[in-house]
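Number of protein chains: 2
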Amino acid sequence: MKHLEGTVGAVLVQICRAHRQKAQLKLGELGLYTGQEMILLKLGDTDGLNQSQLVETLCVEPPTVTKMLNRMVASGLVERQQDLQDARIQRVYLTEQGRALQEPILQVWRELEEETLIGLNEAERLLLRRLLLQVQTNLV
Amino acid sequence: MKHLEGTVGAVLVQICRAHRQKAQLKLGELGLYTGQEMILLKLGDTDGLNQSQLVETLCVEPPTVTKMLNRMVASGLVERQQDLQDARIQRVYLTEQGRALQEPILQVWRELEEETLIGLNEAERLLLRRLLLQVQTNLV
DNA sequence: TGATATTATTTAGACGGCTAAACAATCAGG
DNA sequence: CCTGATTGTTTAGCCGTCTAAATAATATCA
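Residue numbers (the working numbering), protein chains in the order written: chain A, 8 to 147; chain B, 8 to 147.
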């Protein structure tokens, strides 16, 4: 492994897994799986989006959203509702249960963000954010 | 989403998906799936590791390695061989096919690393690496 | 020595994520 | 108006990843 140890790519892979893991630990207490919180927050901001719009904002493929929504409907977090104008479109709405999780989810994210950034001062945090945004631009 | 947009955590999630996606595109041409290249490189460095040691270096859970190795054995990339001293241990060895992929994999990683870091000068790259290592420490 | 703890791995089953392909409904052009 | 292209979603099936629990073999210690 000596050839890529310390590579940004390699570190990124590890960080990603660890970050997801920590998120799952906290979200699990809310009865959520990692990724679902994104959909809930997005809908909390703009309810009634259709799947294509979720695909767009989550930067994910359509089948991924379909599956996630299936499970989230089954667990009572969101509801599907056919659009009246365009029969192809399924709009997604938060249930009360889904809406009630907004604040707890934000709390989880705040905690996780803080854990992620331990040991970095404010200047370093800003810098990291800037550098990561550049990387994001490169990869998307 | 306004509450966590631009959060390091949120950016990290996006970057991770995009990075994995780009990696998969390149690795697919070698007949590999993302993650398998790590195992191949590690074995290229030290052949004959057992699963626990792979679990350790990959920072992944045992069942993950079991499944990956099952597939990699099936596709002829590696071989399992029972340890003679300790019957619990399965040692893993590269096949010729697996060994032949060492250099192509490194090439893919080099390309991906370069794409990842476009637009960052040498100082920024070092800085990013340092900050990410701190984050890794925080999360693992 | 023999029962118990520890270690290494596997099985089962869930989830997020992807691609390829199917399906369904709307749109656009002749 | 009808046919073909486009758009929105789903289905099928694969992979990495996890947890919980089972299995098997070695170690430990009374």
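Just so it is clear, CB atoms sit at the ideal spot from N, CA and C, and this is done for glycine as well. This structure is a prediction, so every number in the text was calculated from the model and none was measured.
Q: Tell me whether B:M57 sits in a helix, a strand or coil according to DSSP, three-state version.
A: Taking the second sequence and counting its residues from 1, the one referred to as residue 57 of chain B is at position 50. First, the amino acid is wrong: residue 57 of chain B is Asn here, not Met. Correct three-state label for B:N57: strand.
Q) Would the stretch 122-133 of chain A and the stretch 50-59 of chain A be scored as touching if the rule is three or more Cβ pairs under 8 Å? A) no
Q) Does the distance from the C-beta atom of A:T14 to that of B:E118 stay below 8 Å? A) As a first step, residue 14 of chain A must be located in the first sequence, where it is residue number 7. As a first step, residue 118 of chain B must be located in the second sequence, where it is residue number 111. No. Outside cutoff.
(Q) Is it the case that the stretch 30-48 of chain B contacts the stretch 90-110 of chain B, given that we only count it when at least three CB pairs across the two stretches are under 8 Å? (A) yes
Q | Nearest-angstrom Cα separation, counted from A:E122 out to B:L138 | A | Within the second sequence, numbered from 1, the residue matching residue 138 of chain B stands at position 131. Within the first sequence, numbered from 1, the residue matching residue 122 of chain A stands at position 115. Near 14 Å, if we compare the C-alpha coordinates of A:E122 and B:L138.
Q) What are the boundary residues of the alpha helix (DSSP H) that B:Q43 is part of? A) Along the second sequence, one-based indexing puts residue 43 of chain B at 36. 43-52 is the span of the alpha helix (DSSP H), which, as asked, contains B:Q43.
Q.
Do A:V85 and A:L101 count as a contact pair if the criterion is CB distance below 8 Å?
A. If you number the first sequence from 1, residue 101 of chain A lands on position 94. If you number the first sequence from 1, residue 85 of chain A lands on position 78. Yes, these two residues count as a Cβ contact at 8 Å.
Q.
Quick check on A:E183: does DSSP put it in helix, strand or coil?
A. Limits of chain A in this structure are 8 at one end and 147 at the other, which puts residue 183 of chain A out of reach.
Q. Does A:Q89 have its Cβ less than 8 Å from a Cβ in chain B?
A. Here residue 89 of chain A refers to the residue found at position 82 of the first sequence. By this cut-off, A:Q89 is not an interface position.
Q.
Nearest by alpha-carbon distance to A:L56: which of A:V99, A:Q141, A:Q31 is it?
A. Within the first sequence, the letter at position 49 stands for residue 56 of chain A. Per the Cα distances, A:V99.
Q: Identify every residue that forms a DSSP beta bridge with B:V115.
A: For the purposes of this step, residue 115 of chain B is identified with residue 108 of the second sequence, where counting begins at 1. Its beta-bridge partners do not exist; DSSP assigns none.
Q | Alpha-carbon to alpha-carbon, B:S59 and A:R136 | A | The residue you call residue 136 of chain A lines up with position 129 of the first sequence. The residue you call residue 59 of chain B lines up with position 52 of the second sequence. The straight-line gap from Cα to Cα measures roughly 35 Å.
(Q) Tell me which residues share the same chain as B:G83 and place their Cβ nearer than 7 Å to its Cβ, disregarding the 5 neighbours each side in the sequence. (A) Position 76 of the second sequence, counted from the first residue, corresponds to residue 83 of chain B. So the qualifying residues of the chain are T102, Q104.
Q.
Can you tell me which residues form a DSSP beta bridge with B:Q97?
A. Sequence index remark: in the second sequence, residue 97 of chain B carries index 90 (1-based). Answer is B:Q89.
Q. Taking just the CA atoms, how far does B:K74 sit from B:A81?
A. For this step, residue 81 of chain B is matched to residue 74 along the second sequence. For this step, residue 74 of chain B is matched to residue 67 along the second sequence. Taking the straight line joining both Cα atoms gives about 11 Å.
Q.
At the 8 Å Cβ level, is B:A25 part of the contact set with chain A, yes or no?
A. To locate residue 25 of chain B, count along the second sequence from 1; it is residue 18. True, the Cβ-Cβ gap to chain A drops below 8 Å.
Q. If we ignore side chains and look at the alpha-carbon of each, how far apart do B:L37 and B:Q28 end up?
A. Position 30 of the second sequence, counted from the first residue, corresponds to residue 37 of chain B. Position 21 of the second sequence, counted from the first residue, corresponds to residue 28 of chain B. Near 15 Å, if we compare the C-alpha coordinates of B:Q28 and B:L37.
Q | Which of helix, strand or coil DSSP assigns to B:N77 | A | For this step, residue 77 of chain B is matched to residue 70 along the second sequence. Three-state result, B:N77: helix.
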